[in-house]
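*Asks:* Sequence lines, in order, name chains A and B.
Anchor point for the first sequence: position 106 equals 110 in the working numbering, and the numbering is continuous, going up by one each time.
Anchor point for the second sequence: position 192 equals 196 in the working numbering, and the numbering is continuous, going up by one each time.
Number of protein chains: 2
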Amino acid sequence: MTADLPRPTAATASPVRIVGSGLLGASLGLALRAAGVDVQLADTSPVSLALARDLGAGTIPDPAADVPEPALVVVSTPPDVAASVVRTELAAHPGAVVTDIASVKAVIAAEVLEGASPDDAARYVGSHPMAGRERSGASGADADLFAGRPWVVVPTESSSPAAVAAARSLASDVGSFVVQMGAAEHDRAVAVVSHLPQVLSSVLASRLNDADETALDLAGQGLRDTTRIAAADSRLWTAILTGNAAALRDELVAVRESLDHVLGAIEQGLADPLAQGAIGPLDRVIRSGNEGAARIPGKHGGAPGRYTEVTVLVPDNPGALGRLFGEVGEAGVNIEDLGIEHSAGQRVGLVRLSVVPQAAAGLEAELDRRGWRVVAR
Amino acid sequence: MTADLPRPTAATASPVRIVGSGLLGASLGLALRAAGVDVQLADTSPVSLALARDLGAGTIPDPAADVPEPALVVVSTPPDVAASVVRTELAAHPGAVVTDIASVKAVIAAEVLEGASPDDAARYVGSHPMAGRERSGASGADADLFAGRPWVVVPTESSSPAAVAAARSLASDVGSFVVQMGAAEHDRAVAVVSHLPQVLSSVLASRLNDADETALDLAGQGLRDTTRIAAADSRLWTAILTGNAAALRDELVAVRESLDHVLGAIEQGLADPLAQGAIGPLDRVIRSGNEGAARIPGKHGGAPGRYTEVTVLVPDNPGALGRLFGEVGEAGVNIEDLGIEHSAGQRVGLVRLSVVPQAAAGLEAELDRRGWRVVAR
Chain A
5 MTADLPRPTA
15 ATASPVRIVG
25 SGLLGASLGL
35 ALRAAGVDVQ
45 LADTSPVSLA
55 LARDLGAGTI
65 PDPAADVPEP
75 ALVVVSTPPD
85 VAASVVRTEL
95 AAHPGAVVTD
105 IASVKAVIAA
115 EVLEGASPDD
125 AARYVGSHPM
135 AGRERSGASG
145 ADADLFAGRP
155 WVVVPTESSS
165 PAAVAAARSL
175 ASDVGSFVVQ
185 MGAAEHDRAV
195 AVVSHLPQVL
205 SSVLASRLND
215 ADETALDLAG
225 QGLRDTTRIA
235 AADSRLWTAI
245 LTGNAAALRD
255 ELVAVRESLD
265 HVLGAIEQGL
275 ADPLAQGAIG
285 PLDRVIRSGN
295 EGAARIPGKH
305 GGAPGRYTEV
315 TVLVPDNPGA
325 LGRLFGEVGE
335 AGVNIEDLGI
345 EHSAGQRVGL
355 VRLSVVPQAA
365 AGLEAELDRR
375 GWRVVAR
Chain B
5 MTADLPRPTA
15 ATASPVRIVG
25 SGLLGASLGL
35 ALRAAGVDVQ
45 LADTSPVSLA
55 LARDLGAGTI
65 PDPAADVPEP
75 ALVVVSTPPD
85 VAASVVRTEL
95 AAHPGAVVTD
105 IASVKAVIAA
115 EVLEGASPDD
125 AARYVGSHPM
135 AGRERSGASG
145 ADADLFAGRP
155 WVVVPTESSS
165 PAAVAAARSL
175 ASDVGSFVVQ
185 MGAAEHDRAV
195 AVVSHLPQVL
205 SSVLASRLND
215 ADETALDLAG
225 QGLRDTTRIA
235 AADSRLWTAI
245 LTGNAAALRD
255 ELVAVRESLD
265 HVLGAIEQGL
275 ADPLAQGAIG
285 PLDRVIRSGN
295 EGAARIPGKH
305 GGAPGRYTEV
315 TVLVPDNPGA
325 LGRLFGEVGE
335 AGVNIEDLGI
345 EHSAGQRVGL
355 VRLSVVPQAA
365 AGLEAELDRR
375 GWRVVAR
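1. Which residue's Cα is closest to the Cα of Arg377 (chain B): B:Pro319, B:Glu340, B:Ala363 and B:Pro361?
2. Return the residue from the list A:Val266, A:Arg21 and A:Pro201 that minimises the CA-CA distance to His97 (chain A).
3. Tell me whether Ala307 (chain A) is buried or exposed, calling it buried when 16 or more other Cβ atoms sit within 10 Å of its Cβ.
4. Applying the criterion that 16 or more other CB atoms from any shown protein chain within 10 Å of the CB defines a buried residue, is Leu278 (chain B) buried or exposed?
5. So if I threshold CB-CB distances at 8 Å, which residues from the stretch 273-290 of chain B count as touching chain A?
6. Which residues mark the beginning and the end of the alpha helix (DSSP H) in which Thr246 (chain A) is found?
7. Measure the C-alpha to C-alpha separation of Val316 (chain A) and Phe329 (chain B) and round it to an integer number of angstroms.
8. Output yes if chain B places a C-beta closer than 8 Å to the C-beta of Ala250 (chain A); else output no.
9. Could you say which of B:Val71, B:Ala114 and B:Pro67 lies nearest to Val90 (chain B) if we only look at CA atoms?
10. Closer than 8 Å by beta-carbon distance: list the chain B residues that pair up with Ile344 (chain A), in chain order.
11. Which bits of chain A does Arg21 (chain B) rub up against, with CB to CB less than 9 Å?
12. For chain A, is any of its Cβ atoms less than 8 Å away from the one on Val157 (chain B)?
13. Pick helix, strand or coil for Leu212 (chain B), following the three-state DSSP scheme.
14. For Arg373 (chain B), which residues in chain A fall below 8 Å Cβ to Cβ?
15. For Met134 (chain A) and Ala14 (chain B), what's the separation of their Cα atoms in angstroms?
16. What is the rounded straight-line gap between the Cα of Leu371 (chain B) and the Cα of Val332 (chain B)?
17. What are the uninterrupted segments assigned as alpha helix (DSSP H) that are 4 or more residues long and contained completely in the stretch 163-204 of chain A, given in chain order?
18. Between the stretch 66-86 of chain B and chain A, which residues of the former have a C-beta closer than 9 Å to a C-beta of the latter?
19. Could you tell me which residues DSSP puts in a beta bridge with Pro301 (chain B)?
20. Check for me: the alpha helix (DSSP H) holding Thr218 (chain B) runs from which residue to which?
21. Give a yes or no on contact between the stretch 223-243 of chain A and the stretch 256-265 of chain B, applying the rule of three or more CB pairs nearer than 8 Å.
22. Can you give me the start and stop residues for the alpha helix (DSSP H) that Leu378 (chain B) sits inside?
23. Between the alpha carbons of Gly130 (chain A) and Val360 (chain B), how many angstroms are there, rounded?
24. Can you check which of these residues, B:Glu118, B:Ala324, B:Val168 and B:Val79, is closest to Ile105 (chain B) by C-alpha distance?
25. Please state whether DSSP places Val360 (chain B) in a helix, a strand or coil.
26. Expressed to the nearest angstrom, what Euclidean distance is found between the alpha-carbon atoms of Leu36 (chain B) and Leu59 (chain B)?
27. Take the Cβ of Asn248 (chain B) as the centre, count every other Cβ of all protein chains shown within 10 Å, and call the residue buried at 16 or more, exposed below.
28. Take Ser347 (chain A) and list the residues in its own chain whose beta-carbon comes closer than 6 Å to its own, dropping the five residues that flank it on each side.
29. By how many angstroms is the C-alpha of Pro301 (chain A) removed from the C-alpha of Arg227 (chain B)?
30. Under 8 Å, with one C-beta from each stretch per pair, do the stretch 42-53 of chain A and the stretch 61-71 of chain A reach the 3-pair mark?
31. Could you round the C-beta distance between Thr218 (chain B) and Ala193 (chain A) to whole angstroms and report it? I think they count as a contact, below 8 Å.
32. When the Cα of Val23 (chain A) is compared with those of A:Arg374, A:Ala223 and A:Ala86, which residue comes out closest?
33. Output needed in chain order: residues of the stretch 210-222 of chain A with a Cβ under 9 Å from some Cβ in chain B.
34. Using only alpha-carbon positions, find the residue among B:Pro83, B:Leu117 and B:Asp84 that is nearest to Ala95 (chain B).
35. Alpha helix (DSSP H) containing Asp276 (chain B): first to last residue?
36. So which of A:Leu200, A:Ala100 and A:Gln272 has the shortest CA-CA distance to Ala17 (chain A)?
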């Protein structure tokens, strides 16, 4: 299978210095080593540093030895310390391009550029690999963490073409695909596609603390989906949210306005369910949500709805899924996407298989013939 | 495989009359017919009614003929008309138990019981099968729609034990598992586990209408998960939300308060990121969300975290998933849960396999040996 996923040939010059050896830094080290690039590791915590080295993410340069100068420095610290580390690295390595991989960009760029020399400013470019996980720390590091993910390259007005090219090569070398935009555009984008979902998921999940145990037994896939990212790291997320305060505030103000419309309608409805203004705002928010959700690109960046779902009721017996997917494979049908739904207390699941529309009917007939319980579309 | 999912032996007496032949009514008819129960169908729309009959959900009684009296009437209309239909059915079928399957219960029970005779009141019991879909209409009907789902039986203070038993048998006969609670408790429960997630998902998705195309290219699994249920039917959901106004208002007020705390902190942080009160509230909402999300029961009603995730990078080639699951099956490991993550524009996906903790390391080693790229835990 490995042959299906060719490793890129590294365009990044050795050595790369990675400052901050947590989950992302250590994963980046592993990915670069796998691509044949030499990696120097640094971290304020000697234990984190040694762990990343022991995992194979890079070497710890001996300060007494003649250490080769890095061509590229990657700052992978929490967002609130990224700018000062970038400035330190620009000063310490005057021949290197320096990039940070924090999730917010405008505040960091502003702090980096404030009073910077033209040369220092030219050597800085921001990055944001969209490859978070709910955990943190080098022990979760993986060379494939960035594979198949967007990596946003965020030049400032002062970034040199060479600096931008170095960041783009880095992203490609670890298997990401490159998206390039300015800091303000980036911050607005992640406010709506990442930071607002995080806040709303956390707020929603926090409401479960007041719920009865019995209420939670009624939890279905909808609640599970909407609260999955609520299992987030608070140290990291406080820094992200406060670091993107301006863009996030605009989103939160808009959300509060929508909620006020819903709440106003609900309060009208409490007095009289058919009162003027009791239904219209509820209809508007559901329909507006329909339209917004339809804008999210499907797999491969294609339009949503490119695939047809085939739903199969699967018993929870050893090997049932293996049997199902084995038989789907025998039927010669490629699965474009999949999901599974469970309810508490039941030993069956609904497996949703997305296939190209022209394959759906044949797959359903074949699975039916083989004795599977296919849920009608 | 069908043998793995034994059909229950019906305890429900024939015939059952189903009023409303949309998705849920027609699915219920199919499920009861499959369990050997006779079903009479009714609907205000002759076309919907004929469609449900043609799908095999039941028969349309000839008003001129001598139609057998139903022992049980199931009202599966939209929530806003359920109570008046229940009253009509109680009057028309004085020997029958009548239940409705709408998603809200207290307002319907109050309207049913208002001025009802003791006998009518005794024959009514509420139901709520937790088996919605994002679509509607009989054409999506399926006999397995209720299998493995919770079905809440909601007696009033007047419901007779026989009426409650009839609703419980109905739920079991279509493969659901029965949860019993009062109307107020039910409405509070679904406000937090179903209606609030719907409102927040719709509000979140509605924000995407203002986003740039490029921003949407950065959408990851977090946004997809949190907005999946935003593809909801507005006719149904306006009736549900307004029908549960009291319980939903309490949740929305609490959410607005949480959002105000977040927004207050963000605004403090805009002036000075380390101002008093800029970080604490953000930390609190993330941590509170951690705790709330951890309360959601895992599969089979067990505690979350019972399973260990093994993540595999899968190329998007024909048959790759079939090969993967075939090889997982050969390794003798049972998959307890699964999911897949994609990014726009990439032809690889991350497949997450949940397995019992003691099987994880062996499965990782085996998949690695077979050439799969396993992402480290």
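Quick reminder that beta carbons are idealized off the backbone N, C-alpha and C, glycines included.
*Replies:* Taking the geometry as given:
1. Position 373 of the second sequence, counted from the first residue, corresponds to residue 377 (chain B). Among B:Pro319, B:Glu340, B:Ala363 and B:Pro361, the Cα nearest to that of Arg377 (chain B) belongs to B:Pro319.
2. Looking up residue 97 (chain A) in the first sequence gives position 93. The residue among A:Val266, A:Arg21 and A:Pro201 with its C-alpha nearest the C-alpha of His97 (chain A) is A:Arg21.
3. Within the first sequence, residue 307 (chain A) is the residue found at index 303, counting from 1. With a pLDDT of only 41 at Ala307 (chain A), under the threshold of 50, the placement of this residue in the model should not be trusted; the figure read from the coordinates follows. Counting Cβ neighbours within 10 Å, Ala307 (chain A) comes out exposed, since fewer than 16 surround it.
4. Here residue 278 (chain B) refers to the residue found at position 274 when the second sequence is read from its first residue. Looking at its Cβ environment, which holds fewer than 16 other Cβ atoms inside 10 Å, Leu278 (chain B) is exposed.
5. Those residues of the stretch 273-290 of chain B that come within reach of chain A (Cβ to Cβ, closer than 8 Å) are Gly273, Leu274, Pro277, Ala282, Ile283, Leu286, Asp287, Val289 and Ile290.
6. As a working note, residue 246 (chain A) is residue 242 in the first sequence. Membership of Thr246 (chain A) in the alpha helix (DSSP H) is indicated by the continuous run Ser238 to Gly247.
7. One-based indexing of the first sequence puts residue 316 (chain A) at position 312. One-based indexing of the second sequence puts residue 329 (chain B) at position 325. Their backbone Cα atoms lie some 16 Å apart in a straight line.
8. By one-based count along the first sequence, residue 250 (chain A) stands at place 246. Ala250 (chain A) belongs to the set of residues whose beta carbon lies under 8 Å from a beta carbon in chain B.
9. Residue mapping note: residue 90 (chain B) aligns to position 86 of the second sequence, counting from 1. Residue B:Ala114 is the option with its Cα nearest to Val90 (chain B).
10. Position 340 of the first sequence, counting from 1, holds the residue named residue 344 (chain A). Asp341, Leu342 and Gly343, listed in chain order.
11. Translated into positions along the second sequence, residue 21 (chain B) becomes position 17. The premise fails here: Arg21 (chain B) is roughly 23 Å from chain A at the closest Cβ pair, so nothing lies under 9 Å.
12. Along the second sequence, one-based indexing puts residue 157 (chain B) at 153. Residue contact check for Val157 (chain B) against chain A: no CB pair falls below 8 Å.
13. As a working mapping, residue 212 (chain B) is identified with position 208 in the second sequence. The DSSP-derived three-state label of Leu212 (chain B) is helix.
14. On the second sequence, residue 373 (chain B) is found 369 positions in, with the first residue counted as 1. Here the premise fails: no neighbours, minimum Cβ distance about 11 Å.
15. Taking the first residue of the first sequence as 1, we reach residue 134 (chain A) at position 130. Taking the first residue of the second sequence as 1, we reach residue 14 (chain B) at position 10. Near 52 Å, if we compare the C-alpha coordinates of Ala14 (chain B) and Met134 (chain A).
16. Here residue 371 (chain B) refers to the residue found at position 367 when the second sequence is read from its first residue. Here residue 332 (chain B) refers to the residue found at position 328 when the second sequence is read from its first residue. Going by the C-alpha atoms only, they are around 8 Å apart.
17. Segments of the alpha helix (DSSP H) lying fully in the stretch 163-204 of chain A: 165-177 and 187-194.
18. Of all residues in the stretch 66-86 of chain B, the ones placed with a Cβ closer than 9 Å to any Cβ belonging to chain A are Asp84, in chain order.
19. The residue labelled residue 301 (chain B) in the question sits at position 297 within the second sequence. None; Pro301 (chain B) has no bridge partner.
20. On the second sequence, residue 218 (chain B) is found 214 positions in, with the first residue counted as 1. For Thr218 (chain B), the enclosing alpha helix (DSSP H) has its first and last residue at Glu217 to Asp221.
21. Not touching, per the Cβ criterion.
22. The residue labelled residue 378 (chain B) in the question sits at position 374 within the second sequence. Note that residue 378 (chain B) corresponds to Val in the displayed sequence, not to Leu. Membership of Val378 (chain B) in any alpha helix (DSSP H) is not indicated; the residue belongs instead to the beta strand (DSSP E) covering Arg377 to Val379.
23. Here residue 130 (chain A) corresponds to residue number 126 of the first sequence, with the count starting at 1. Here residue 360 (chain B) corresponds to residue number 356 of the second sequence, with the count starting at 1. Here the C-alpha atom of Gly130 (chain A) lies approximately 41 Å from the C-alpha atom of Val360 (chain B).
24. Within the second sequence, numbered from 1, the residue matching residue 105 (chain B) stands at position 101. Ranking the options by Cα distance to Ile105 (chain B), first place goes to B:Val79.
25. Counting from one through the second sequence, the residue named residue 360 (chain B) turns up at place 356. If DSSP states are grouped into helix, strand and coil, Val360 (chain B) belongs with coil.
26. By one-based count along the second sequence, residue 36 (chain B) stands at place 32. By one-based count along the second sequence, residue 59 (chain B) stands at place 55. Cα to Cα, Leu36 (chain B) sits roughly 13 Å from Leu59 (chain B).
27. One-based indexing of the second sequence puts residue 248 (chain B) at position 244. By the Cβ neighbour-count rule, Asn248 (chain B) is buried, with 16 or more other Cβ atoms within 10 Å of its own.
28. One-based indexing of the first sequence puts residue 347 (chain A) at position 343. Bear in mind that the predicted position of Ser347 (chain A) carries a pLDDT of just 47, short of 50, making it too unreliable to give a figure here.
29. Taking the second sequence and counting its residues from 1, one reaches residue 227 (chain B) at position 223. Taking the first sequence and counting its residues from 1, one reaches residue 301 (chain A) at position 297. The sequence shown places Leu at residue 227 (chain B), rather than the Arg named in the question. CA-to-CA, the gap between Leu227 (chain B) and Pro301 (chain A) works out to about 11 Å.
30. Using a Cβ-Cβ distance cut-off of 8 Å, the stretch 42-53 of chain A and the stretch 61-71 of chain A are in contact, since at least three pairs of beta carbons, one from each stretch, lie closer than that value.
31. Translated into positions along the second sequence, residue 218 (chain B) becomes position 214. Translated into positions along the first sequence, residue 193 (chain A) becomes position 189. About 6 Å; that satisfies the 8 Å criterion.
32. As a working mapping, residue 23 (chain A) is identified with position 19 in the first sequence. Across the set A:Arg374, A:Ala223 and A:Ala86, the C-alpha of A:Ala86 shows the shortest separation from the C-alpha of Val23 (chain A).
33. Legend: CB atoms of the stretch 210-222 of chain A lying less than 9 Å from CB atoms of chain B belong to residues Ser210, Arg211, Leu212, Asn213, Asp214, Ala215, Asp216, Glu217, Thr218, Ala219, Leu220, Asp221 and Leu222.
34. Taking the second sequence and counting its residues from 1, the one referred to as residue 95 (chain B) is at position 91. Among B:Pro83, B:Leu117 and B:Asp84, the Cα nearest to that of Ala95 (chain B) belongs to B:Leu117.
35. What you label residue 276 (chain B) is simply residue 272 of the second sequence in a count that begins at 1. For Asp276 (chain B), there is no enclosing alpha helix (DSSP H), as DSSP marks it with neither H nor E.
36. Here residue 17 (chain A) corresponds to residue number 13 of the first sequence, with the count starting at 1. Comparing alpha carbon positions, the residue from A:Leu200, A:Ala100 and A:Gln272 closest to Ala17 (chain A) is A:Ala100.
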